[in-house]
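**Student:**
In this note's numbering, the protein residues as written are 3 to 35.
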């Protein structure tokens, strides 16, 4: 399963790390400034 997380703040980053460590295919999308 491929998962896209929009928002690389504290919650998004922790969620991405947890999903990645459980073997999921995670993409983290951060807002450009």
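Beta carbons: idealized from backbone N, C-alpha and C, even for Gly.
When DSSP builds the beta bridges, which residues end up paired with residue 12?
**Tutor:** DSSP, once it has assigned bridges, lists no residue as partnering residue 12.
**Student:** Within its chain, find whatever has a CB closer than 6 Å to the CB of residue 9; leave out the 5 residues flanking it on each side and keep chain order.
**Tutor:** Excluding sequence neighbours, residue 9 sits near nothing in its chain.
**Student:** Can you list, in chain order, the residues of its chain whose CB lies under 8 Å from that of residue 14, leaving out five sequence neighbours each side?
**Tutor:** The answer, listed in chain order, is 7, 8 and 30.
**Student:** Rounded to the nearest angstrom, how far is the Cβ of residue 5 from that of residue 26, given a contact under 8 Å?
**Tutor:** At roughly 6 Å, the Cβ-Cβ gap stays under 8 Å, so residue 5 and residue 26 are in contact.
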